[in-house]
Amino acid sequence: MIRRFDIGDVVGGLLLVAFGLWFASYALEHYAYGTTRRMGPGYFPTWLGFLVAGLGGVIALFGLFRGGDPIFVRFRPLLAVIAATAVFALVVERFGVVPAVVGLVFVAALGDPPFRLLRTSLLALVLAALAVVLFAWGLGVPFQPFRWNS
Amino acid sequence: MSDLFANLAMGFSVAFSMKTLFWCFVGVFLGTFIGVLPGIGPLATISMLLPVTFHLDATSAIIMLAGIYYGANYGGSTASILLNLPGTPSSAVTCLDGYPMAKQGRAGVALMATTLASFIGSSIGILLFTGFAPALAEIGLKFGPAEYFAMMLLGLVAASTVATGAPIKGVAMVVVGVALGLVGTDVQTGQQRFTFGLLPLADGISLVALAMGLFGIAEVINSVGRVAQQKSAYKASVLPWTRDFWRAMDPGREDWRRLPGSSVRGSAIGCFFGALPGTGPTISAFLAYALEKKISRTPNRFGRGAVEGVASPEAANNAAAQTAFIPTLTLGIPGDVVMALMLGALIIQGIQPGPRLVAEHPQLFWGLAASFWIGNVMLVILNLPLIAIWVAILRIPYSILYPSILVFLVIGVYSVNNSVFDVVTCIVFGLVGYVMSLMRFEPAPLLLGFVLGPLMEEHLRRAMLLARGDPMVFLERPISAAFVAVTAGLLLFALWSSLKPKRAEGFSAQI
């Protein structure tokens with residue numbers, strides 16, 4: 009199916025316009041602009057922001073007059089991968105690296121059904137062991153495999 | 006000349022130390038590994054291993070990262086030949102004749118031809134690297150801030166317009182990258198910019214978290230459930246010490262005759278385009294294939310298993326992978342994203358790539374040059390007698406692979422500073438990267454802009470201070486004027502090709 013306009017370019021371009029204008033106005037408001045000879049910390053970001061907004065506008069405009077492919081979001085892998093990473097971030101400081109890795113692997117495995125309990129458990133254990141051996145022992149990263157900070 | 010030999014001798018003494026040999030091996034092994042696996046490329050792997058390099062000395066770190074980069078080119082051709090599925094974008098063109106050869110039962114021949122051609126290409130590339138890099142550094146020493154700014158501008162614009170599907174989107178991504186690079190403390194005034202009072206942002210956004218989010222997490226999300234199991238066309242049951250193993254790899258007299266010429270032609274193309282900013286191994290491989298087909302007396306053999314069709318592109322992409330280091334190390338201008346990551350790794354180690362690098366860190370420079378030779382010899386051994394390992398690896402199901410990739414990625418990000426903030430940053434950029442891939446905006450130019458952004462601002466400010474605020478300085482100095490002219494030409498081309506109907510996404514950036 010072909011759309012009459014390129015939705016990716018139009019939406020993406022508009023997002024860039026928003027980001028660029030915000031970036032430029034934030035820089036203008038908070039940082040000294042200076043002069044071209046002696047640029048302040050706000051000079052370069054202001055112009056960058058306007059440049060991003062301008063380019064975004066052109067992209068969106070061109071996108072309006074050109075067909076494009078529709079956008080499909082596959083929510084299952086998206087949510088599984090993001091959630092798995094978030095689980096790691098939440099668990100690692102409180103309970104240590106090993107539980108964090110195990111949690112990550114189990115949540116990540118939900119992204120690609122069917123869920124295989126035995127295979128996932130084995131994988132989680134092997135990866136947790138590898139993480140400790142390679143990073144903590146091999147490279148000397150100060151990891152705590154287990155901890156209890158509630 | 007005797008200088009060169011003395012320097013190389015020193016380089017080899019660095020490269021032959023046990024520690025360096027070990028990390029060089031780790032690099033080329035991993036490079037081949039991920040090159041063979043479709044769905045994960047050198048860029049994701051190098052960003053994954055970037056945190057590891059913080060725990061090594063600078064020389065071992067860069068030698069390992071470099072090994073991944075050129076090793077991936079060797080491995081990539083294996084997947085192209087056996088599965089008709091390029092392991093890396095630079096090996097895509099190898100499918101055209103490599104897979105037909107495998108179907109005719111000549112997979113061994115194709116593997117032999119690509120490995121030999123790769124070795125020839127790399128060797129010529131390394132020779133150029135050792136010969137030209139110090140000379141280029143001499144020229145670079147004469148550059149002032151105006152030249153540097155203009156050169157970085159050219160590098161960024163070239164990389165985002167030539168190598169991407171939609172040039173204007175590439176340029177936009179570069180500028181966004183430069184903007185993100187400004188987050189943190191302004192070096193000249195001490196002002197904190199765009200940190201929103203968050204302490205970890207005072208040092209800027211973490212390069213590792215950004216790269217892993219954009220390339221690692223986004224790539225994993227995209228490939229879960231999509232990378233299917235493949236049947237290999239090559240039976241690797243024959244053991245390497247038997248005569249049958251080598252007989253299966255013997256190209257025969259006809260093809261032996263065709264190999265050297267096509268490899269050398271491919272190498273020449275690769276050396277040239279590898280050293281230019283914006284063009285790299287992928288484009289070199291495509292051009293080499295096109296040339297080989299054009300000058301062949303029997304062009305109808307191409308696409309049906311012509312040995313030149315695999316030898317020339319493989320020589321080209323390996324040569325390009327070596328010469329890409331020339332501008333990166335001697336001028337501090339990375340030609341593509343992988344090189345931008347190398348640059349980032351060096352900067353984090355406290356080494357500023359640029360014209361002074363060769364003189365100030367001779368151990369690193371010549372050690373790297375020597376390790377290129379050693380690494381390529383290791384790769385020939387890994388890819389011919391030990392080919393069975395890689396064929397076996399192609400059987401690992403993706404449902405095991407992607408959680409493993411994710412674990413190492415996240416631990417890598419976390420281990421840099423033991424910081425949960427970095428992991429969260431990585432998640433945020435993972436989402437950004439996924440949204441970008443949905444809308445077909447490429448992340449590679451963004452990362453390039455991110456690495457070069459702060460340097461560009463610094464050179465711009467210095468140039469303006471010296472020129473009393475007169476922007477004409479960029480046009481009055483001849484070298485910088487030339488850079489500006491080429492940049493303007495590229496931008497016009499970008500605008501023009503955006504108005505045209507979409508071109509096929511042939512040379513999309515390396516993931």
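Chains as they are written, first to last, in this note's numbering: chain A, 9 to 158; chain B, 6 to 516.
The C-beta atom is built at its ideal place from N, Cα and C for all residues, glycine as well.
All values reported here derive from a predicted model rather than from experimental measurement.
Using the rule of at least 16 other Cβ atoms within 10 Å of the residue's Cβ for burial, across every protein chain shown, is B/Met477 buried or exposed? exposed
Just to confirm before moving on: does the CB-CB distance between A/Gly75 and A/Arg12 stay below 8 angstroms? yes
Quick one: is B/Thr448 near chain A, going by C-beta distance under 8 angstroms? Looking at the sequence provided, one finds Pro at residue 448 of chain B rather than Thr. It does not: the Cβ of B/Pro448 has no partner Cβ on chain A nearer than 8 angstroms.
Any residues in the stretch 65-94 of chain B with a beta carbon nearer than 7 angstroms to a beta carbon of chain A? Which ones, in chain order? none
What is the DSSP secondary structure of B/Ala509, reduced to helix, strand or coil? Bear in mind that a pLDDT of 43 at B/Ala509, under 50, signals an unreliable position, so the model cannot answer this.
Among B/Gly349, B/Thr200, B/Val180, B/Met178, which has the Cα closest to the Cα of B/Val188? B/Thr200
Neighbour list for A/Arg46 in chain B, Cβ cutoff strictly below 9 angstroms: Arg466, Met469, Leu470, Gly474
Determine, using beta carbons only, whether A/Pro153 comes closer than 8 angstroms to chain B. no
Given A/Ala136, which residues of its chain have a CB within under 7 angstroms of its CB, disregarding the five upstream and five downstream residues? Val106, Val109, Val110
Can you tell which of B/Met383, B/Met53, B/Phe498, B/Pro172 has the C-alpha that lies nearest to the C-alpha of B/Arg445? B/Pro172
State buried or exposed for B/Ile300, treating a residue as buried only when at least 16 other CB atoms are found within 10 Å of its CB. exposed
Could you check how far apart the C-beta atoms of A/Thr44 and B/Gly474 are, in whole angstroms? I think they sit under 8 angstroms. 4 angstroms
Distance between beta carbons of A/Leu133 and B/His60, contact taken as under 8 angstroms: Wrong, their Cβ atoms sit about 25 angstroms apart, outside the cutoff.
For B/Leu480, I'd like the list of residues in its chain whose CB is within less than 7 angstroms of its CB, leaving aside the five on either flank, ordered along the chain. Ala486, Val489
Note down, in chain order, all residues in the stretch 159-179 of chain B with a beta-carbon under 7 angstroms from any beta-carbon belonging to chain A. Ile173, Lys174, Val176, Ala177
Is the Cβ-Cβ distance between B/Met69 and B/Leu414 less than 8 angstroms? no
Please name the residue, chosen from B/Ala49, B/Gly40, B/Ile39, B/Ile67, that lies closest to B/Trp28 on a Cα-to-Cα basis. B/Ile67
Considering only DSSP beta bridges, list what B/Gln197 is partnered with. B/Thr190
Just verifying my parser: in three-state terms, what is the DSSP assignment at B/Ala514? Confidence at B/Ala514 is low in this model, with a pLDDT of 37, below 50, so its placement is unreliable and the value that follows should be read with caution. Note: B/Ala514 maps to coil in three-state DSSP.
Are any of the Cβ atoms in chain B nearer than 8 angstroms to that of A/Gly104? no
Could you list which residues in chain B have their beta carbon closer than 7 angstroms to that of A/Phe143, in chain order? Ile416, Ser420
Of the choices B/Leu369, B/Ala216, B/Ala311, whose alpha-carbon is the least far from that of B/Val342? B/Ala216
Contacts that B/Tyr153 makes with chain A (C-beta to C-beta distance below 9 angstroms): Near B/Tyr153 there are no residues of chain A at all, since even the closest Cβ is about 15 angstroms away, more than 9 angstroms.
Reference B/Gln109, options B/Ala77, B/Pro256, B/Gly81, closest by Cα: B/Pro256
Does any residue of chain A bring its CB to less than 8 angstroms from the CB of B/Ile516? Because the pLDDT at B/Ile516 is just 35, under 50, the model does not fix this residue reliably, and the value given afterwards should be weighed accordingly. No, B/Ile516 does not count as interfacial toward chain A.
I believe A/Ala61 touches A/Leu29 by the beta-carbon criterion, under 8 angstroms. Please report the beta-carbon distance rounded to the nearest angstrom. 5 angstroms
Contact criterion: CB-CB distance below 8 angstroms. Does B/Ser513 meet it with respect to chain A? Note on B/Ser513: pLDDT 39, under 50, position unreliable in the model; no value is reported.
Could you tell me whether any Cβ in chain D is nearer than 8 angstroms to the Cβ of A/Thr54? The structure shown contains no chain D; the protein chains it does contain are A and B.
Considering only C-alpha positions, which residue in the set B/Gly314, B/Phe154, B/Phe307 is nearest to B/Ala290? B/Gly314
I need the DSSP call for A/Met47, collapsed to helix, strand or coil. strand
Contacts that A/Glu101 makes with chain B (C-beta to C-beta distance below 8 angstroms): Val425
Cβ pair B/Tyr278, B/Leu48 closer than 8 angstroms: Inspection of the sequence shows that residue 278 of chain B is occupied by Phe rather than by Tyr. Their beta carbons are not under 8 angstroms apart, which means B/Phe278 does not touch B/Leu48 by this criterion.
Report the three-state DSSP secondary structure of B/Gly36 (helix, strand or coil). helix
Bridge partners of A/Gly42, per DSSP? A/Met47
Distance cutoff 8 angstroms, beta carbons only. Does B/Glu510 sit that close to anything in chain A? Because B/Glu510 sits at a pLDDT of 43, beneath the cut-off of 50, its placement in the model cannot be relied upon, and the following sentence gives the value as read from the coordinates. Chain A contact via Cβ: absent.
Proximity test, Cβ basis, 8 angstroms: B/Glu143 and chain A: no
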